[in-house]
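*Asks:*
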DNA sequence: TTAAATTACTTGTCATACTAATTATATTTG
DNA sequence: CAAATATAATTAGTATGACAAGTAATTTAA
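Protein chains in written order, with UniProt numbering: chain A, 1 to 143; chain B, 1 to 143.
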């Protein structure tokens with residue numbers, strides 16, 4: 001493969017990732033979910049894993065700290081998430097979903113799973129395995 | 001495959017695409033390239049294809065018009081690109097690289113190809129074909 | 001041939017991403 | 001213990017990305 005090709009693959013990857021996100025975001029908007037795709041990711045991880053600190057959560061969702069701070073700010077304003085002081089470390093917060101946040105996650109979870117499904121039509125189980133293996137290889141190459 | 005999995009794959013895709021872009025961007029910065037990854041994409045396409053209008057270029061690089069307008073603004077300020085009035089259509093511009101832009105492309109092209117290569121280590125030709133096929137399938141699913 | 005629709009581009013707004021710098025607090029170490 | 005270092009979170013700055021709305025010019029169609 002020529003070197004030129006590597007840039008083309010990078011472009012293809014970027015383009016596809018953007019399309020997948022955009023597709024989901026449009027559906028979110030059409031159905032008045034009131035949150036973005038990234039806000040959803042944060043809420044879902046919180047629902048599976050409460051009392052995380054912001055940096056732990058950032059690590060989980062692979063976002064950097066400033067980005068996570070802002071998403072948490074927005075979710076706090078929307079009354080889906082709360083920052084509680086950490087009992088032992090005054091630099092840190094423990095994050096929890098509010099009751100409204102819990103309800104939101106419960107209500108949206110199945111809808112979102114079905115939106116996400118669309119991207120993966122016409123692909124079979126072995127495609128998924130291949131795709132995962134390749135994505136993880138790329139990711140590991142750049143650690 | 002359970003529905004839950006589809007979200008995981010979407011997440012993996014997003015994460016990997018971001019990592020690839022971030023890796024390239026860091027190298028760009030370390031080597032003082034003076035442009036971003038997306039600005040590079042625009043300049044490269046211009047160098048292969050002059051006299052494009054902004055909307056044609058936007059289509060080529062799969063960005064929307066507002067995004068392209070802003071990238072062209074920045075590249076114009078940096079004196080790498082020029083907007084020329086279209087001879088027949090006063091709504092439109094023809095874009096060209098300035099001499100400085102031409103030089104920049106010539107100088108960076110090989111360096112960038114080699115930066116891009118890193119992501120694709122440990123993958124072989126058939127992986128690339130598979131990967132391309134799957135990405136294009138996903139893209140097409142969401143048209 | 002002029003009113004309506006379309007096209008090319010721009011502007012504005014909000015959200016995300018990354019970097020660098022800052023503040024407050026904890027931890028380590030000399 | 002005090003000083004140096006590290007960590008958690010925030011703030012600020014710049015760029016990209018999506019979307020909506022606006023302007024000017026062109027095309028279409030009544």
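C-beta: ideal position from N, C-alpha, C; glycine also.
Quick one: complete alpha helix (DSSP H) runs, 4+ long, within the segment 48-100 of chain B?
*Replies:* 54-61, 65-77
*Asks:* By the criterion of Cβ-Cβ separation under 8 Å, what are the contact partners of residue 112 of chain B in chain A?
*Replies:* 7
*Asks:* Please state if the CB of residue 51 of chain B and the CB of residue 96 of chain B are separated by a distance shorter than 8 Å.
*Replies:* yes
*Asks:* Leaving out five residues before and five after residue 61 of chain A in sequence, what residues of the same chain have Cβ atoms less than 7 Å from its Cβ?
*Replies:* 41, 42, 45
*Asks:* Between A/109, A/77, A/115, which has its C-alpha nearest residue 48 of chain A's C-alpha?
*Replies:* A/109
*Asks:* With burial defined as no fewer than 16 other Cβ atoms inside 10 Å of the residue's Cβ, what is the status of residue 3 of chain A: buried or exposed?
*Replies:* exposed
*Asks:* Suppose the cutoff is 7 Å on Cβ atoms and the five residues either side in sequence are ignored; what does the same chain contact list for residue 21 of chain B look like?
*Replies:* 37
*Asks:* Smallest Cα separation from residue 100 of chain B: which of B/112, B/87, B/81?
*Replies:* B/81
*Asks:* Report back the beta-carbon spacing between residue 107 of chain A and residue 23 of chain A to the nearest angstrom; my notes put them in contact at under 8 Å.
*Replies:* No, residue 107 of chain A and residue 23 of chain A are not in contact; Cβ-Cβ is about 21 Å, not under 8 Å.
*Asks:* What residue range is occupied by the uninterrupted alpha helix (DSSP H) comprising residue 7 of chain B?
*Replies:* 3-30
*Asks:* Beta-carbon of residue 11 of chain A versus every beta-carbon of chain B: anything under 8 Å?
*Replies:* yes
*Asks:* To the nearest angstrom, how far is it from the Cα of residue 71 of chain A to the Cα of residue 55 of chain A?
*Replies:* 13 Å
*Asks:* Taking buried to mean at least 16 other C-beta atoms within 10 Å of its own C-beta, is residue 34 of chain A buried or exposed?
*Replies:* exposed
*Asks:* Can you list, in chain order, the residues of its chain with a C-beta nearer than 8 Å to that of residue 25 of chain B? Leave out the 5 residues immediately preceding and following it.
*Replies:* Answer for residue 25 of chain B: 36, 37, listed in chain order.
*Asks:* How about residue 111 of chain A and residue 53 of chain A: are their beta carbons less than 8 Å apart?
*Replies:* no
*Asks:* Among A/5, A/84, A/13, which residue has its Cα nearest to the Cα of residue 134 of chain B?
*Replies:* A/13
*Asks:* For residue 140 of chain A, which residues in the same chain have their Cβ closer than 7 Å to its Cβ, ignoring the five residues on either side in sequence?
*Replies:* The beta carbon of residue 140 of chain A is closer than 7 Å to none in its chain, skipping five residues each way along the sequence.
*Asks:* Please identify, using Cβ separations under 7 Å, the residues of the segment 96-109 of chain A that lie next to chain B, in order along the chain.
*Replies:* none
*Asks:* State the CB to CB distance for the pair residue 116 of chain A and residue 114 of chain B, rounded to an integer number of angstroms; the pair is presumed to be in contact (CB under 8 Å).
*Replies:* At roughly 35 Å, the Cβ-Cβ gap does not stay under 8 Å, so residue 116 of chain A and residue 114 of chain B are not in contact.
*Asks:* What's the gap between the Cα of residue 127 of chain B and the Cα of residue 137 of chain B?
*Replies:* 15 Å
*Asks:* To the nearest angstrom, how far is the alpha carbon of residue 17 of chain A from that of residue 9 of chain A?
*Replies:* Going from the Cα of residue 17 of chain A to the Cα of residue 9 of chain A covers about 12 Å.
*Asks:* Using a Cβ-Cβ cut-off of 8 Å, state whether residue 138 of chain B counts as contacting chain A.
*Replies:* yes
*Asks:* Would you decide whether residue 68 of chain B is buried or exposed? Buried here means 16 or more other CB atoms lie within 10 Å of its CB.
*Replies:* buried
*Asks:* Measuring only between beta-carbons, confirm whether residue 3 of chain B sits less than 8 Å from chain A.
*Replies:* yes
*Asks:* Examine chain B for any beta-carbon lying closer than 8 Å to the beta-carbon of residue 70 of chain A, and answer yes or no.
*Replies:* Chain B, which has no Cβ nearer than 8 Å to the Cβ of residue 70 of chain A, makes this no.
*Asks:* Report the option in B/94, B/59, B/63, B/90 whose CA atom is closest to the CA atom of residue 76 of chain B.
*Replies:* B/94
*Asks:* Sort A/142, A/131, A/121, A/125 by Cα distance to residue 142 of chain B and report the nearest one.
*Replies:* Among A/142, A/131, A/121, A/125, the Cα nearest to that of residue 142 of chain B is on A/121.
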